[in-house]
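Trainee: Submitted below is the structure of interest, expressed as structure tokens.
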Amino acid sequence: MTFPPPKTESPAQRFEEATAAARDALERLIAAANEAGWGSEEITAALLKAAQFLSDANKRDPDPADDPSISDAPAREQIDHGELYD
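Throughout, the numbering used here is defined as the position within the sequence shown, counted from one, plus 24.
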């Protein structure tokens, strides 16, 4: 799915553009969900819940790309701690 780039720098106009683009994308997504057997009400409720989850996550960590990867974290010593493969 593609999303159009903003056409303006004005915050109010960008919000209106983003809202229209998001609505178009959601209408296509809901139509695809309907074709797959999901009801409009249940998929809309699920989308609202998912959007709230993403909004909350973004508030907690606005740029997760800056977080260190798990593989960069120091490994903890595991020998003799009851692991299957010491």
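Heads up, the beta-carbon is just placed ideally off N, CA and C, and yes, glycines get one too.
#1: The alpha helix (DSSP H) that contains Ala70, what's its start and end?
#2: Taking Ala56 as part of the alpha helix (DSSP H), name the residues at either end of that continuous run.
#3: Give every residue of the same chain whose Cβ lies closer than 8 Å to the Cβ of Thr15, excluding the five residues on either side of it in the sequence, and list them in chain order.
#4: Report the residue from Ala46, Pro35, Ser34, Ala36 whose alpha carbon sits nearest the alpha carbon of Met25.
#5: Measuring only the C-alpha atoms, how far is Ser64 from Pro28?
Mentor: In this structure, then:
#1: The count along the sequence shown starts at 1 and reaches residue 70 at position 46. Segment 64-84, the alpha helix (DSSP H) holding Ala70.
#2: Working through the sequence shown from its first residue, we reach residue 56 at position 32. Element bounds for Ala56: 35-59.
#3: With the chain running from 25 to 110 in the structure shown, residue 15 is simply not present.
#4: Position 1 of the sequence shown, counted from the start, is the residue given in the question as residue 25. Here the closest residue by C-alpha is Ala46.
#5: Here residue 64 refers to the residue found at position 40 of the sequence shown. Here residue 28 refers to the residue found at position 4 of the sequence shown. Roughly 25 Å separates the two Cα atoms.
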